[in-house]
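Trainee: Going down the list, the protein sequences come from chains A and B.
Residue numbering for the first sequence is 10 to 124, as defined by this note's numbering.
Residue numbering for the second sequence is 16 to 128, as defined by this note's numbering.
Ideal placement from N, C-alpha and C gives every residue a C-beta, glycine not left out.
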Amino acid sequence: NAGVTQTPKFQVLKTGQSMTLQCAQDMNHEYMSWYRQDPGMGLRLIHYSVGAGITDQGEVPNGYNVSRSTTEDFPLRLLSAAPSQTSVYFCASSYTLAGSNEKLFFGSGTQLSVL
Amino acid sequence: DQQVKQNSPSLSVQEGRISILNCDYTNSMFDYFLWYKKYPAEGPTFLISISSIKDKNEDGRFTVFLNKSAKHLSLHIVPSQPGDSAVYFCAASRSYNTDKLIFGTGTRLQVFP
Numbered sequence: 010n011a012g013v014t015q016t017p018k019f020q021v022l023k024t025g026q027s028m029t030l031q032c033a034q035d036m037n038h039e040y041m042s043w044y045r046q047d048p049g050m051g052l053r054l055i056h057y058s059v060g061a062g063i064t065d066q067g068e069v070p071n072g073y074n075v076s077r078s079t080t081e082d083f084p085l086r087l088l089s090a091a092p093s094q095t096s097v098y099f100c101a102s103s104y105t106l107a108g109s110n111e112k113l114f115f116g117s118g119t120q121l122s123v124l
Numbered sequence: 016d017q018q019v020k021q022n023s024p025s026l027s028v029q030e031g032r033i034s035i036l037n038c039d040y041t042n043s044m045f046d047y048f049l050w051y052k053k054y055p056a057e058g059p060t061f062l063i064s065i066s067s068i069k070d071k072n073e074d075g076r077f078t079v080f081l082n083k084s085a086k087h088l089s090l091h092i093v094p095s096q097p098g099d100s101a102v103y104f105c106a107a108s109r110s111y112n113t114d115k116l117i118f119g120t121g122t123r124l125q126v127f128p
């Protein structure tokens, strides 16, 4: 049982490049989400999904796209990377949206640098 | 506007002593509070929580205290162990829904022998 798997662990991009951060979970969780962690800012919610085909915006969605075609996968796309997107990105999942704060499982993170 | 604040970026405590990590919040609508622990190169993991109807919750060596009038909560670790060395995030929510979870900036705890 792998839990929440994120790839890659590290990535360096040039401004304007695009890339996709991958996230997969094998726990049959309905709820999946993406956070970014910045110094002095804590973790902030980017996008989330309550099930396949359903996504919604979090606190800081600009510059990011998501889709949820399967229960297992929730990729995060940067269409045109900017230096302000340099951050550590965490994917997380839980059984459901409601009452799940304690059962939020995080991946190990992707450290992204945009030059 | 940081709704959940952890004003101490770091804390150093000797093994066996008490560690006290503090967290302040500004939104009086928050009614559920959690602490997450994060080791380097790993994602955060849930540690302990408390709802606004309580003022204390214990789980082994970990106790969380909530002072609603002061909008303040604290995490006590007694006794502290070297394995407790990690970054601790305080988080608060206006509901039990995960999408409403607001995280603090984190406090790095170092427990030395």
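1) Rounding to the nearest angstrom, what Cα-Cα distance links B/Gln125 and A/Glu81 in this structure?
2) Suppose only complete runs of 3+ residues qualify. What are the beta strand (DSSP E) ranges in the segment 35-116 of chain A, listed by chain order?
3) If you measure from the beta carbon of B/Gln17 to each beta carbon in chain A, is any gap under 9 Å?
4) Let me check one thing: in DSSP terms, what residues is B/Phe77 bridge-paired to?
5) Kindly indicate which three-state DSSP category B/Lys83 falls into: helix, strand or coil?
6) Are A/Gly67 and A/Tyr44 touching if we call contact CB-CB under 9 Å?
7) Is it right to say A/Gln46 is buried, meaning 16 or more other beta carbons lie within 10 angstroms of its own, or is it exposed?
8) Are the C-beta atoms of A/Leu113 and some chain B residue less than 9 Å apart?
9) Check distances from the C-beta atoms of the segment 67-80 of chain A to those of chain B and list, in chain order, the residues that come in under 9 Å.
10) Whose CA, out of B/Tyr54, B/Leu49, B/Pro128, B/Lys83, lies closest to the CA of B/Asn42?
11) According to DSSP, which residues form a beta bridge with B/Asn37?
Mentor: In brief:
1) 36 Å
2) 40-47, 51-60, 63-66, 73-75, 85-87, 96-103
3) yes
4) B/Asp74, B/Ile92
5) coil
6) yes
7) buried
8) yes
9) Gly67, Glu68
10) B/Lys83
11) B/Ser89
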